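See below for the structure under consideration.
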Amino acid sequence: MIVVDASVWVAWLTASDAHHAQSRAWLATWLDRSRTLTTPELAIVEVAGAIARRSGRPELGRRAAAAVMACPSLDVYRMEAHDVRLATTLAADRRLRGADAIYVALAQALDLPLVTWDAEQIENSRGLVEAHRPT
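Just add 1354 to wherever you are in the sequence shown, counting from 1, and you've got our numbering.
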């Protein structure tokens, strides 16, 4: 099981993204092995917004969110109050952006690695969770 950041989902869905091919290959390999992926509910919202902004087409954002939710072996995690408290502490202590702190908190709480294209998120979560790019 692994926590997947929105940056990976967006790259997976966007052919023009610099990380598209790597994200598709990584996800295909992960899913071929019937491994479970987890992502916070926030990721679905982030994907919809990112795709709609990039394309200028709201319906593509909605379709992108649906595509992520339809991904086999995906567990969409609902954040509870204790998860939010942990993310708040991590955001302040590690100078993480708010959304990034959600992913790091989820990975820490579930004792799972985090996969992301965000170099700053990887750097600022060092020592807390195993965070790396999809390779």
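Quick reminder that beta carbons are idealized off the backbone N, C-alpha and C, glycines included. No experiment lies behind these values; they were computed from the predicted model shown.
Positions of the alpha helix (DSSP H) runs, each at least 4 residues long and wholly inside the stretch 1367-1429, are given as 1374-1386, 1395-1409 and 1412-1423 in order along the chain.
Secondary structure of V1358 (DSSP, three-state): strand. Note that the C-beta distance between M1433 and I1456 is below 8 Å. When DSSP states are grouped into helix, strand and coil, V1458 belongs to the helix group.
No Cβ-Cβ contact shorter than 8 Å links R1378 with W1363. Spatial neighbours of P1426 in its own chain (CB-CB distance under 7 Å, excluding positions within 5 residues in sequence) are listed in chain order as L1385.
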